[in-house]
Amino acid sequence: MRKGPRPVVLCGPSGSGKSTLLNRLFKEFPNTFGFSVSHTTRKPRPGEQDGVHYNFIERDIMKKMIGNGEFIESATFSGNIYGTSKEAIRKIQIAGKVCILDIEPQGVEQVKKTDLNPILIYNNPPSLEALEQRLRKRNTENEETLKKRLASARDEIAYGLTPGNFHKIINNIDIDEAYQDFRDFLLSELKAQELEGKLYLK
Ligand SMILES: Nc1ncnc2c1ncn2[C@@H]1O[C@H](COP(=O)(O)OP(=O)(O)OP(=O)(O)O)[C@@H](O)[C@H]1O
């Protein structure tokens with residue numbers, strides 16, 4: 516992987532508000548940050564575009580690509596395979612942007628073992644009850660997928676709050692305050708890297 520700004524990992528249970536934070540960030544800084552588009556075997560939700568939100572892919576093809584070493588991390592979540600291809604990260608880095616990865620704990624552990632040296636951020640929901648409410652209100656899940664997501668959330672929260680697993684925890688209660696904390700942390704991190712002589716904030 517080529518040198519450049521450190522990638523950013525954003526992790527947090529389904530419904531904690533990762534996409535909401537990222538949408539705001541990309542809107543405010545369209546030239547600074549770029550989203551690493553993951554691959555998934557899950558079916559698209561209404562409104563999701565192939566190549567934008569995810570690269571939607573058949574399970575056997577994805578397994579073959581993983582076998583070929585084309586992925587930096589991959590994991591099964593809620594019955595579907597998700598993963599970040601090396602190509603997805605390269606695309607953002609070539610564009611000179613800070614690469615943002617939205618991945619779950621298994622992926623985080625794999626990324627930690629690479630030379631990506633990412634800044635690790637955990638997006639913490641107020642409670643499991645709040646998560647359930649947000650997911651129900653989002654109206655993208657059926658009872659079965661909702662249960663699976665909530666079942667994973669307990670372990671993900673424990674992982675996120677374990678000292679040493681992340682550089683920064685965002686307590687995502689009020690979305691405006693959470694966004695402010697998220698963006699300020701990222702900007703100060705970029706400034707710190709710029710002090711080493713590089714210009715990343717555009
Ligand atoms: N701080 C917040 N307070 C209340 N509702 C929120 C907050 N943040 C996000 N939401 C809402 O909760 C729902 C889940 O948020 P979002 O889709 O951003 O979560 P996510 O972590 O990206 O989930 P997934 O991993 O399933 O993609 C959305 O409908 C969003 O509008």
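Each residue of the sequence shown is one higher than the one before, counting from 516 in my numbering. Cβ coordinates follow ideal geometry from the N, Cα and C atoms, glycine included.
What first and last residue would you give for the beta strand (DSSP E) that runs through E588? Looking at the DSSP string, the run of the beta strand (DSSP E) that includes E588 is 586-592.
Straight-line Cα distance separating L701 from I688: A straight-line Cα-Cα distance of about 19 Å links I688 and L701.
The region 669-681 touching the region 610-627, judged by at least three CB pairs closer than 8 Å: Touching, yes.
Reduced DSSP category for S600 - H, G, I as helix; E, B as strand; rest coil: In the structure shown, the three-state DSSP call for S600 is strand.
E573 to I685 span [Cα, whole Å]: Using only the alpha carbons, I get a separation of about 34 Å.
From M516 to F571, what does the alpha carbon distance come to, in whole angstroms? Reliability fails at M516, whose pLDDT of 46 lies under 50, so the model's placement of it is uncertain and the value that follows must be treated cautiously. Rounded to whole angstroms, M516 to F571 spans 24 Å at the Cα level.
Looking at the unbroken beta strand (DSSP E) that takes in L616, where does it start and where does it end? From DSSP, the beta strand (DSSP E) with L616 extends over 613-617.
Chain C beta carbons: is any one of them nearer than 9 Å to that of N687? The chain labelled as chain C is not found in the depicted structure, where only one protein chain is given.
Give the single residue among P520, V524, G519 whose Cα lies nearest to the Cα of N638. Of the listed residues, the one whose Cα sits closest to N638 is V524.
Buried or exposed for V552, going by 16 or more other Cβ atoms inside 10 Å? With 16 or more other Cβ atoms within 10 Å, it is buried.
Identify the residues that DSSP records as bridge partners of F550: which are they? According to DSSP, residue pairing for F550 in a beta bridge involves I615.
Given a cut-off of 9 Å on the beta-carbon distance, is the pair R539 and R653 in contact? Their beta carbons are not under 9 Å apart, which means R539 does not touch R653 by this criterion.
Let me know the secondary structure DSSP gives I469 once reduced to three states. Lying outside 516 to 717, the shown extent of the chain, residue 469 is not represented and no answer is given.
Is there at least one non-hydrogen atom of ligand 1 closer than 8 Å to the beta-carbon of T535? Yes, the beta carbon of T535 sits closer than 8 Å to at least one heavy atom of ligand 1.
Straight-line gap, E602 to E585 (C-alpha atoms, nearest Å): Going from the Cα of E602 to the Cα of E585 covers about 8 Å.
Under 8 Å from any heavy atom of ligand 1, does the C-beta of N595 make it? Not so, every heavy atom of ligand 1 lies at least 8 Å from the Cβ.
C-alpha distance - G519 paired with K706, whole-angstrom precision: Cα-Cα distance, rounded: 14 Å.
With burial defined as no fewer than 16 other Cβ atoms inside 10 Å of the residue's Cβ, what is the status of S703: buried or exposed? By the 10 Å Cβ count, S703 comes out exposed.
Can you tell which of G532, E656, I576, C614 has the C-alpha that lies nearest to the C-alpha of L631? Per the Cα distances, C614.
Extent of the continuous alpha helix (DSSP H) to which N538 belongs: Element bounds for N538: 533-543.
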